[in-house]
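Undergrad: Quick note on the working numbering: the sequence shown kicks off at 770 and runs consecutively. Below is the structure I would like to discuss, written out as structure tokens.
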Amino acid sequence: MSLFKSPLPKSLAALLGAVLIALIAAPASAQTAVRIRGAVSSLDGNMLTVKTREGPDVKIKLADNYAVAAVVPITMADIKQGSYIGSAAMKQADGSLKAVEVLVFPDTMRGANEGHYPWDLMPESTMTNATVEAVVDGTAGREMALTYKGGKQKIVVPAGVPIVTFEAGTKDMLKPGALVFVGTQQAADGTFSAGRVNVGKNGFKPPM
770 MSLFKSPLPK SLAALLGAVL IALIAAPASA QTAVRIRGAV SSLDGNMLTV
820 KTREGPDVKI KLADNYAVAA VVPITMADIK QGSYIGSAAM KQADGSLKAV
870 EVLVFPDTMR GANEGHYPWD LMPESTMTNA TVEAVVDGTA GREMALTYKG
920 GKQKIVVPAG VPIVTFEAGT KDMLKPGALV FVGTQQAADG TFSAGRVNVG
970 KNGFKPPM
């Protein structure tokens, strides 16, 4: 015998069914952004295997139309007022930020991932993607005054900090041993996928 005196209204039953389906489907479709750094072990078709900096090999399924960007070194002189940059940095005891690396984006990537947020290059590092308001000499190195939607930051760039930009790359750059930085999406089943690979040109190590 049913514990309910009357069945649920059809509209409520349909709503509950839809919610249940959504709850079941959500974890299966959820993806997590994971940044992978390391050296190419192999490229088999669209399956890229990378020996990660942490040690294990990971396989990354590349999109059919995946892009390759070459990471090349430039100098502080290439950073101008109005440049759009990304800088990984560490907070100092006085609250200031000291750059670990600086990426000058091509104009076609202006506005990419704009903001100031945690980064995983090293423990407690941050990333600031912003427009350069000014570059001046400071006591500890060149200082960049940066603006982004909702905020400002000042980052000191000591001498010797790697400064890079992107150039168009080719798929034949993804040879064993090539050093790469790949922003991937990890599915609920643990697999990785990506639509772009950033590879150091001529053995250069992407510092991001």
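Using N, Cα and C, we set each Cβ at its ideal position, and we do this for glycine too.
Determine the burial state of T897: buried for a count of at least 16 other Cβ atoms within 10 Å of its Cβ, exposed for fewer.
TA: buried
Undergrad: What does the Cβ neighbour count give for T877, buried or exposed, with the cut at 16 atoms within 10 Å?
TA: exposed
Undergrad: Give every residue of the same chain whose Cβ lies closer than 6 Å to the Cβ of G972, excluding the five residues on either side of it in the sequence, and list them in chain order.
TA: none
Undergrad: In angstroms with no decimal places, state the Cα-to-Cα distance between A802 and G884.
TA: Straight-line Cα distance between these residues: approximately 17 Å.
Undergrad: On the CB-based measure, 16 or more other CB atoms within 10 Å of its CB, does M913 come out buried or exposed?
TA: buried
Undergrad: What is the C-beta distance between V840 and G946, in whole angstroms, given that I count them as a contact (C-beta under 8 Å)?
TA: Contact flag wrong, Cβ pair sits at about 15 Å.
Undergrad: Excluding sequence positions up to five away, which residues of its chain have a Cβ less than 6 Å from the Cβ of F950?
TA: Counting only Cβ-Cβ distances below 6 Å, and skipping sequence neighbours, we find R806, N967, P975, M977.
Undergrad: Return the chain-ordered list of same chain residues with a C-beta closer than 6 Å to the C-beta of E936, the five sequence neighbours on each side being excluded.
TA: A839, V841
Undergrad: Can you tell which of V904, D826, Q922 has its C-alpha closest to the C-alpha of M859?
TA: Q922
Undergrad: Taking Cβ positions, are G938 and V837 nearer each other than 7 Å?
TA: yes
Undergrad: In whole angstroms, give me the CA-to-CA distance for Y835 and T908.
TA: 43 Å
Undergrad: Along the chain, where does the beta strand (DSSP E) containing K820 start, and where does it finish?
TA: Residues 816 to 821.
Undergrad: Kindly list the residues whose CB is nearer than 6 Å to the CB of N815, restricted to its own chain and excluding five residues on each side of it in sequence; keep chain order.
TA: L831
Undergrad: Alpha carbon to alpha carbon, how far is S865 from G992? Give it in angstroms, no decimals.
TA: What the structure shows of the chain is the stretch from 770 to 977, and residue 992 is not part of that stretch, so it cannot be assessed.
Undergrad: Terminal residues of the continuous beta strand (DSSP E) containing Q954?
TA: 948 to 956
Undergrad: What residue range is occupied by the uninterrupted beta strand (DSSP E) comprising F961?
TA: It spans 961 to 969 - the beta strand (DSSP E) in which F961 sits, taken as one unbroken run.
Undergrad: Where does V869 land, buried or exposed, given buried means 16+ other C-beta within 10 angstroms?
TA: buried
Undergrad: Please name the residue or residues paired with N715 in a DSSP beta bridge.
TA: With the chain running from 770 to 977 in the structure shown, residue 715 is simply not present.
Undergrad: Whose C-alpha, out of N882, L817, V873, is nearest the C-alpha of S962?
TA: L817
Undergrad: For A794, count neighbouring Cβ atoms within 10 angstroms of its own Cβ and tell me buried if that reaches 16, exposed if not.
TA: Because A794 sits at a pLDDT of 42, beneath the cut-off of 50, its placement in the model cannot be relied upon, and the point is left open.
Undergrad: On the DSSP letters alone, give me the boundaries of the beta strand (DSSP E) that F935 sits inside.
TA: 932 to 937
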